[in-house]
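Peer 1: Going down the list, the sequences are from chains A and B.
Converting from the first sequence to this note's numbering requires adding 984 to each position, the first position being numbered 1.
Converting from the second sequence to this note's numbering requires adding 3 to each position, the first position being numbered 1.
In this text, a Cβ means the ideal position worked out from N, Cα and C, and glycines have one as well.
Quick one: structure below, then a few questions.
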Amino acid sequence: GAVVSQHPSRVICKSGTSVKIECRSLDFQATTMFWYRQFPKQSLMLMATSNEGSKATYEQGVEKDKFLINHASLTLSTLTVTSAHPEDSSFYICSAHPGEGGGDEQFFGPGTRLTVL
Amino acid sequence: QKEVEQNSGPLSVPEGAIASLNCTYSDRGSQSFFWYRQYSGKSPELIMSIYSNGDKEDGRFTAQLNKASQYVSLLIRDSQPSDSATYLCAVRLNNAGNMLTFGGGTRLMVKP
């Protein structure tokens, strides 16, 4: 159990375009999902916390107008990188929390590698 | 002081040895502690969770928690080359909701 999927696994896009990444919890309902970014040889950096049915909470320094997060259901959160630029190239990883009664663990998706040309 | 600290390594151990990974945290009210393994180019994978003082064993892995000293460790017995990865310590800090705070990770290298 506790499977989280992400789509796409890899995307290459031109500078200025927008990219949408989907994160799904496949066998549990996730009241909270988290979006992380990881640059090569660096640690995970939390970008935002996504709660179903409410606005996402962004970490300091993360532009909410650039990284749009939607958590429309208990099994799906999306991250849209708007007007992507080469410096946005990174490994984007989501994680999902099962909510009350589901333990404290977070389960990670396989990640999406974004390359902006 | 970082909220969750780990030695970045690399920690190099020979195959078959015990690898000991350590993590300290600053928030004395923290209640939940996790170890994740991350292979290069992959996302983190949950190995162990621990909530009470003492040891918790799962196969070759043992997590140890000492809340008084504010440290949590992970022991890997009979280390294998396939255990070579970065190990991330994560803590749910007090009043942090469902959010986990991650250490920077320790890179483990198991040499055949």
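Pick helix, strand or coil for Glu1071(A), following the three-state DSSP scheme.
Peer 2: helix
Peer 1: So, helix, strand or coil for Asp86(B), using DSSP?
Peer 2: helix
Peer 1: Label Asn101(B) either buried or exposed according to how many other C-beta atoms from any shown protein chain fall within 10 Å of its C-beta, with 16 as the threshold for buried.
Peer 2: buried
Peer 1: Excluding the 5 residues preceding and the 5 following Thr1016(A) in the sequence, name in chain order all residues of the same chain whose CB lies nearer than 6 angstroms to its CB.
Peer 2: Asn1035 and His1081
Peer 1: Can you tell me the Cβ-Cβ gap for Phe1051(A) and Val1065(A), rounded? I've got them flagged as a contact below 8 angstroms.
Peer 2: Contact between Phe1051(A) and Val1065(A) holds: their C-beta atoms lie close to 6 angstroms from each other, under 8 angstroms.
Peer 1: Can you give me, in chain order, the residues of the region 1022–1035 of chain A that have a beta carbon less than 8 angstroms from any beta carbon in chain B?
Peer 2: Cβ contacts with chain B come from Ser1027, Leu1028, Leu1030 and Thr1033.
Peer 1: Give me the Cα-Cα distance between Ser23(B) and Gln83(B), rounded to the nearest whole angstrom.
Peer 2: 13 angstroms
Peer 1: Can you look up Asp61(B) in the DSSP assignment and give me helix, strand or coil?
Peer 2: In the displayed model, Asp61(B) falls within a strand according to three-state DSSP.
Peer 1: Less than 9 angstroms between CB atoms is the rule here; does Gly1087(A) satisfy it with respect to chain D?
Peer 2: The displayed structure is made up of protein chains A and B, and chain D is not among them.
Peer 1: Please say whether Leu1010(A) and Arg1020(A) have beta carbons closer to each other than 9 angstroms?
Peer 2: Here residue 1020(A) is Tyr; the residue named in the question, Arg, does not match the sequence. No; because the gap between Cβ atoms is not below 9 angstroms, this pair is not in contact.
Peer 1: Taking only the alpha-carbon atoms, compute the straight-line gap between Gln1026(A) and Gly107(B) and give it to the nearest angstrom.
Peer 2: 8 angstroms
Peer 1: Can you find a C-beta in chain B that's less than 9 angstroms from the C-beta of Pro992(A)?
Peer 2: no
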